[in-house]
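Some notes on the structure that comes next.
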Amino acid sequence: MQNPRQYKIPDWFLNRQKDVKDGKYSQDSGQRLDNKLREDLEQLKKIRAHRGRAHFWGLVSRPAHQDPGRRGRTVGVSKKK
Numbered sequence: 001m002q003n004p005r006q007y008k009i010p011d012w013f014l015n016r017q018k019d020v021k022d023g024k025y026s027q028d029s030g031q032r033l034d035n036k037l038r039e040d041l042e043q044l045k046k047i048r049a050h051r052g053r054a055h056f057w058g059l060v061s062r063p064a065h066q067d068p069g070r071r072g073r074t075v076g077v078s079k080k081k
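Each residue of the sequence shown is one higher than the one before, starting from 1 at the first, in UniProt numbering.
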């Protein structure tokens, strides 16, 4: 769908909300969406935002506060001897 706004689809449903450069809402797809995401991440890295630094270092950018069950030793079923 090239222009979803003409079909009265709400702005919150579009995948490109409030673009950083022009402030417009749009629905991008394919290579254009990939380029926009890359530009956004480069911008975050440039201004040294937390998310940008996490992407730069290759870390998780939006982790859960405490991911349950991911720390400590493995607990599982033991084999019968």
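From the three backbone atoms N, C-alpha and C, an ideal C-beta is built for every residue, glycine too.
Computed from a predicted model, the values in this text were never measured in an experiment.
Query	Result
Candidates L41, H55, Q27, of which the one nearest I9 by Cα	Q27
With 16 other Cβ atoms within 10 Å as the buried cut-off, status of L44	buried
Selected residue, minimal CA-CA separation from S29, among L37, K18, S78	L37
Backbone secondary structure at R48 - three-state DSSP	coil
Y25 vs D40 beta-carbon contact at 7 Å	no
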